[in-house]
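Participant: Residue numbers (the UniProt record's numbering): 1 to 60. Glycine residues also receive a C-beta, built at the ideal position from the N, C-alpha and C atoms.
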Amino acid sequence: MRLSKAIQQAVVIDATKGAAFAWAYLSSFEVPSATILRVLSGARKRRETDPLPERRVTTE
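(1) Assuming valine 39 and valine 11 are in contact, meaning their beta carbons sit under 8 Å apart, how far apart are those beta carbons, in whole angstroms?
(2) Given that a residue counts as buried once 16 or more other Cβ atoms are within 10 Å of its Cβ, and exposed if not, what is leucine 3?
(3) Between the Cα of serine 41 and the Cα atoms of Ala6, Lys5, Ala15, which residue gives the shortest distance?
(4) Could you tell me the distance, in whole angstroms, from the CA atom of phenylalanine 29 to the CA atom of threonine 59?
(5) Residues in the same chain with beta-carbon distance under 6 Å from isoleucine 36, minus the five sequence neighbours each way, listed in chain order, please.
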């Protein structure tokens, strides 16, 4: 499996089953711990080349 597909799946696993399961999943593909931490940290911006997400203003 390509790394990008594994990371996409790990994000889904994190959202549905939790970070521990997602970490174990990525570890099974021998993804480095630093990469796993970056993926699962919830950082809004993954790479320097990624655009910042739009800010949403709510009135709640």
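Facilitator: Walking through what the data contain:
(1) Here residue 39 is taken as the residue at index 39 of the sequence shown, counted from 1. Here residue 11 is taken as the residue at index 11 of the sequence shown, counted from 1. Between valine 11 and valine 39 the Cβ distance is about 7 Å, and since that is below 8 Å, they are a contact.
(2) Taking the sequence shown and counting its residues from 1, the one referred to as residue 3 is at position 3. Exposed is the call here.
(3) Within the sequence shown, the letter at position 41 stands for residue 41. Minimum Cα distance to serine 41 is reached at Ala15.
(4) Residue numbering aside, residue 29 sits at position 29 when the sequence shown is read from its first letter. Residue numbering aside, residue 59 sits at position 59 when the sequence shown is read from its first letter. Distance between the alpha carbons of phenylalanine 29 and threonine 59: 43 Å.
(5) For the purposes of this step, residue 36 is taken as residue 36 along the sequence shown, with counting starting at 1. So the qualifying residues of the chain are Trp23, Leu26.
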